[in-house]
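Numbering (the working numbering), first residue to last: 896 to 1491.
Here a beta-carbon is modelled for each residue, glycine too, at the ideal position from N, C-alpha and C.
Quick caveat: nothing in here was measured; it's all calculated off a predicted structure.
See structure below.
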């Protein structure tokens, strides 16, 4: 229903004749102490405690209300009194989150008022440095001290494009201007305080966003990849900073924990690893949804500081609580200079890193890249363990190669830069929307690991068989000009066919293109890949059928792996015995691995 304070249409009427002057973007504010208490402002402050069914006026006119600014607007031919042009309104409002009943107002024509008794009385505490008609854009009541407030103001409509930020610590008795470092032209629209670190401030200007680490004594840009747009408001929510821009959508900085910790004690160090904020285990990703915007990066965010660009690669490791290394990520090797001073990239090392990233993308596309840059760096681990080994060139008909997702609990991140090794603990929390026991999380984790191990065993077996087949072909060629050529070739060919029969049972030998499986049915390898996606999908323990499928496929796989082992123990040994008698190098057999 309509819960307006007053009539909403006074088109064509001069603002001085309008009973309630509600500006186009008038404040609406729920009390941080009582969610049933709602405030709004015209030239007066209004309060409702029944969801707008009735409103009580709790102030007088808190604006300058100069009649020279309240006449007819528009041109001589057509007026323009639609409401957006109304002046002499309360443009900003806030209640202290520290102390109930401490209320602040700021008008668009230069007045600031405070009430310390829940609106019974009001005091004009306008900064003496204010020029006439300065618009108070936003008032921010400090989340740490009831007597402290910040305000952002501007005078651009009077051709003054300077920033105006002010702070009081004594309920407005005195004000200090705090906009040093923000350039002229970046006139100020908003100011907000962090809710965890006292003195960490954020300012929205006509050209972007700024931050202060010292309660406004100095400011520096926090623009990053934000377009040069007008930032009209800012919200600090948990560990994130969200900005509302004028016509260019909402933008957010995910996890400002490093900003809260940043200071001289850190920036003077050669290397620093910040303690990661607790991560939430939720089954989704960091992609775009519905064309509306980008989701936060999924996983745990690892931030680290490098005073200078390192001369050695940066390594990040994720560890279980018992010290077992889960994943290792390495940055590109830093560039080197030759004897003439020219930069020579370490192409071999970087190629290895690139291959590593390609493999990571095959299993876990949300992992980011480890950077080795001077200053602040950020890495995101997507909570996935290493996925199973994949047969090169294989086609995935239906399934995934993802590894198991970490279960809720305590973990450690380790940063290695040269001789410096730093470690920080962090917590992975369960998705509050999902009701799973610790045992159910573990069951899904173990099922995914078991399926992945079987995929890896097939990959290793196929690589082993292909290597043996290549060596058999090579020995036959080496003996082709000798008197014993036929005996070598006969045994090599027979063994090769036996190996091929095993390989063809565990892997789709001829499947090299999408839907080729329609002509060449899938084998055990693809079946396990499909099962991997089934047990790893969502946040659920495996079903009974998942376990039965794993048992069924594993039994069939073990038959083939045992056959391979018998071929190595018998046929291959006989072939090598022949080669030894003939003085031909043996077929090399890699150390045996346990089945499964």
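{"Item": "Among 1153, 1072, 920, which one has its Cα closest to the Cα of residue 1141?", "Value": "920"}
{"Item": "Only counting the same chain, and skipping five residues up and downstream in sequence, which positions put a Cβ closer than 8 Å to that of residue 1170?", "Value": "1152, 1156, 1319, 1320, 1321"}
{"Item": "I'd like to check one pair, residue 1299 with residue 1343: are the Cβ atoms closer than 8 Å?", "Value": "yes"}
{"Item": "Taking buried to mean at least 16 other C-beta atoms within 10 Å of its own C-beta, is residue 1419 buried or exposed?", "Value": "buried"}
{"Item": "Leaving out the 5 sequence neighbours to the left and right, which residues in its chain are closer than 7 Å to residue 1125 when beta-carbon positions are compared?", "Value": "1084, 1101, 1140, 1141"}
{"Item": "Assuming residue 1007 contacts residue 1060 under a Cβ cut-off of 8 Å, what Cβ separation, rounded to an integer in Å, is found between them?", "Value": "With 8 Å as the limit, residue 1007 and residue 1060 do not qualify as a contact, their Cβ atoms being about 13 Å apart."}
{"Item": "My output table needs one value for residue 952: the three-state DSSP class, helix, strand or coil.", "Value": "strand"}
{"Item": "Give me whichever residues DSSP pairs with residue 1062 in a beta bridge.", "Value": "1045, 1071"}
{"Item": "Under 8 Å between the Cβ atoms of residue 1289 and residue 1427?", "Value": "no"}
{"Item": "Among residues of its own chain, excluding the 5 on either side of residue 1329, which ones have a beta-carbon nearer than 7 Å to its beta-carbon?", "Value": "1434"}
{"Item": "Would you mind listing the beta strand (DSSP E) stretches within the stretch 1253-1305 that are 3+ residues and don't spill past its ends, in chain order?", "Value": "1270-1276"}
{"Item": "Report the three-state DSSP secondary structure of residue 1310 (helix, strand or coil).", "Value": "strand"}
{"Item": "For a test of the three-state rule: what should DSSP assign to residue 1398, helix, strand or coil?", "Value": "helix"}
{"Item": "Could you give the DSSP three-state label for residue 1438: helix, strand or coil?", "Value": "coil"}
{"Item": "Which residue wins for smallest C-alpha separation from residue 1024, given the options 1069, 998, 995?", "Value": "1069"}
{"Item": "Check whether the stretch 1101-1110 and the stretch 1070-1090 touch, using three or more Cβ-Cβ pairs below 8 Å as the test.", "Value": "yes"}
{"Item": "Would you report the Cα separation of residue 1252 and residue 1134, rounded to the nearest angstrom?", "Value": "Here residue 1252 scores only 42 on pLDDT, less than 50, and its place in the model is too uncertain to base an answer on."}
{"Item": "For residue 1248, count neighbouring Cβ atoms within 10 angstroms of its own Cβ and tell me buried if that reaches 16, exposed if not.", "Value": "No answer about residue 1248 holds up, because its pLDDT of 46 lies below 50 and its placement is not dependable."}
{"Item": "Please classify residue 1431: is it buried, with 16 or more other beta-carbons within 10 angstroms of its beta-carbon, or exposed?", "Value": "buried"}
{"Item": "Just how far apart, CA to CA, sit residue 1202 and residue 1165?", "Value": "5 Å"}
{"Item": "Less than 8 Å between C-beta atoms, sequence neighbours within five positions excluded: which residues of the same chain meet that for residue 976?", "Value": "905, 906, 907, 908, 909, 910, 967, 968, 969"}
{"Item": "Using a threshold of 8 Å, state whether the C-beta atoms of residue 1001 and residue 1034 are closer than that.", "Value": "yes"}
{"Item": "Can you find the residues in the same chain that come closer than 7 Å, C-beta to C-beta, to residue 915, ignoring five residues on each side of it along the sequence?", "Value": "900, 901, 937"}
{"Item": "With distances taken Cα to Cα, identify the nearest neighbour of residue 883 among 1421, 1017, 1269, 992.", "Value": "The structure shown does not extend to residue 883, since the chain is modelled only from 896 through 1491, so no value can be given for it."}
{"Item": "Using the rule of at least 16 other Cβ atoms within 10 Å of the residue's Cβ for burial, across every protein chain shown, is residue 962 buried or exposed?", "Value": "exposed"}
{"Item": "In angstroms with no decimal places, state the Cα-to-Cα distance between residue 1150 and residue 1040.", "Value": "24 Å"}
{"Item": "Tell whether a beta-carbon distance below 8 Å holds between residue 1474 and residue 1349.", "Value": "no"}
{"Item": "Considering only residues of the same chain and omitting the five flanking positions on each side of residue 1285, which have a CB-CB separation below 6 Å?", "Value": "1296"}
{"Item": "With a threshold of 16 other CB atoms inside 10 Å of the CB of residue 1106, please say whether the residue is buried or exposed.", "Value": "buried"}
{"Item": "State the DSSP-derived secondary structure class of residue 1181, mapped to helix, strand or coil.", "Value": "Because the pLDDT at residue 1181 is just 43, under 50, the model does not fix this residue reliably, and the value given afterwards should be weighed accordingly. Here residue 1181 sits in coil by DSSP."}
{"Item": "From residue 1442 to residue 1359, what distance separates their C-alpha atoms?", "Value": "28 Å"}
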